[in-house]
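Letter 86 of the sequence shown, counting from 1, is numbered 1488 in our numbering, and no numbers are missing.
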Amino acid sequence: MRDHVSILKVRYAETDQMGVVHHGNYAQYLEIARIEWLEKIGISYKSMEKNGIMLPVYEMNFKFKKSAFFDDELKIITSLRQTPDVKIIFDYKIYNQEEELLTTANTTLVFMDAETRRPMRCPEYVLEKL
């Protein structure tokens, strides 16, 4: 499965008084990386929603090994764990500019029909792009 690298600069507003990134910001970092991963393979999240497909987060897990700080340049490597079915699972590794591994994470999202709000299988056009 394909990997994608996203680069993010830590903003001051994302940190506490000690300059450490607050853990609540990591969910947004993963969302940015995941959307970039989809765009890289030619899938627009916005067009999926227009076509009646939602992709809510079902589960999110983190392991914080080291802190990220204000002005750090973070490299987020996003990987697809397996071929999606009703759910799609991503693994992430977040590094700082010194290539130190700061955080590992994974997310599970579920393909959902926007009208019925019921789970559905991964659309065929997504599978074709993989």
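Beta carbons: idealized from backbone N, C-alpha and C, even for Gly.
{"Query": "In chain order, each beta strand (DSSP E) run of at least 3 residues that lies wholly inside the segment 1423-1459", "Result": "none"}
{"Query": "Sub-7 Å separation of N1427 and E1438 beta-carbons", "Result": "no"}
{"Query": "Among A1429, K1448 and P1521, the one whose alpha carbon lies nearest that of N1463", "Result": "A1429"}
{"Query": "Top-ranked residue by Cα proximity to D1418, from K1489, R1523 and S1469", "Result": "S1469"}
{"Query": "Selected residue, minimal CA-CA separation from D1473, among I1409, Y1414, R1404 and H1406", "Result": "Y1414"}
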